[in-house]
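With the UniProt record's numbering, the residue at position 138 of the sequence shown is 138, and numbering never jumps. For each residue, glycine too, the CB sits at the ideal point set by N, CA and C.
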Amino acid sequence: MKINTTEYSSEKPAKTGLQLWSQLSRTYHRQLKYYSHFLKNWDLTISQYEVFVKIGEHGRMSQKELAEKMFFTKGNITQLIIKMEKEGYICREQEWKTKYILLTDKGKEMYKRVVPEQKQFFLQQFKVLTKKEQKHLIKLLKKLNDAEINSDCNE
Numbered sequence: 001m002k003i004n005t006t007e008y009s010s011e012k013p014a015k016t017g018l019q020l021w022s023q024l025s026r027t028y029h030r031q032l033k034y035y036s037h038f039l040k041n042w043d044l045t046i047s048q049y050e051v052f053v054k055i056g057e058h059g060r061m062s063q064k065e066l067a068e069k070m071f072f073t074k075g076n077i078t079q080l081i082i083k084m085e086k087e088g089y090i091c092r093e094q095e096w097k098t099k100y101i102l103l104t105d106k107g108k109e110m111y112k113r114v115v116p117e118q119k120q121f122f123l124q125q126f127k128v129l130t131k132k133e134q135k136h137l138i139k140l141l142k143k144l145n146d147a148e149i150n151s152d153c154n155e
């Protein structure tokens with residue numbers, strides 16, 4: 001019995017692609033749920049935590065640069081900054097045409113408390129993988145992120 005390899009070769013990758021997408025999506029959503037739940041201990045959203053990390057690691061950062069690093073629109077980053085400013089975590093400095101974002105003393109304290117615990121939380125999430133598997137997964141995900149799969153979406 002002869003197998004139609006043309007039909008098989010086109011269906012198999014499609015099925016594999018769907019399985020990959022399904023597993024990535026399920027993993028992402030599950031991890032996001034755990035991550036969000038964990039951050040509720042400090043009454044923080046994921047976006048607020050990301051601001052703490054970006055500014056905490058880089059120091060003063062322009063509002064535009066922060067938006068780009070977080071893949072946020074100008075409007076979204078403005079709303080987030082306003083909220084965090086009202087809570088006393090960040091302040092803005094205007095230098096000519098550029099707005100810079102800095103952590104306040106309260107923001108620095110929150111950064112020092114939350115970030116180390118969050119890093120431990122992340123370690124726990126991936127402890128089911130060996131160090132070698134973790135490095136391999138990072139390499140594979142980076143390869144996917146670096147690939148120009150659909151250039152229309154990258155504009």
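* **Cα-Cα separation between residue 131 and residue 125, rounded to whole angstroms** => 13 Å
* Asked: What is the rounded straight-line gap between the Cα of residue 51 and the Cα of residue 41?
  -> 17 Å
* Pull up the CB-CB distance for residue 82 and residue 66, whole angstroms please, since I reckon it's below 8 Å. => With a Cβ gap of about 13 Å, residue 82 and residue 66 do not count as contacting.
* Asked: When you compare only the Cα positions, how much space is there between residue 103 and residue 142?
  -> Residue 103 and residue 142: Cα-Cα distance of roughly 30 Å.
* To do: Quick one: grab the DSSP three-state call for residue 133.
  => In the structure shown, residue 133 sits in a helix (DSSP, three-state: H, G or I).
* In terms of residues, what are the limits of the alpha helix (DSSP H) holding residue 60? -> Segment: none, residue 60 is in no alpha helix (DSSP H) and carries neither H nor E.
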